Amino acid sequence: MTHDKTSINQQEARKQHTPEFRNEALKLAERIGVAAAARELSLYESQLYAWRSKQQQQMSSSERESELAAENVRLKRQLAEQAKELAILQKAATYFAKRLK
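Sequential numbering from 1044 applies to the sequence shown in this note's numbering.
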């Protein structure tokens, strides 16, 4: 009989997350990665993956295409910023290398 009480208590202890929380958690996971988001939110990575999978299944193909296009734009912008940063660092390295000679 104690086994039944334990399983009931475990079920009661389960957290129910709102859809808003899930959406924000998925946005965070998209920005910083699933592992980091899971640590920050005290969730299991598998939970975030399950939420993401469920969300993707619920989207229509046109919504998914729009989402992918927006992500593509964001990633291209990020790549351009990093290319600029790399060019600045390369110029600085060249400048300081010449000064050391």
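Idealized CB from N, CA, C, for every residue including glycine. Note that the structure is a prediction, hence the values are computed from the model and not measured.
Asked	Found
Rounded separation between Ala-1068 and Phe-1139 - CA only	43 Å
Counted within 10 angstroms of its Cβ, other Cβ atoms place Ala-1072 as buried (16 or more) or exposed	buried
First through last residue of the alpha helix (DSSP H) which encompasses Ser-1085	From DSSP, Ser-1085 is part of no alpha helix (DSSP H); its letter is neither H nor E.
Coarse secondary structure for Gln-1099, derived from DSSP in three states	helix
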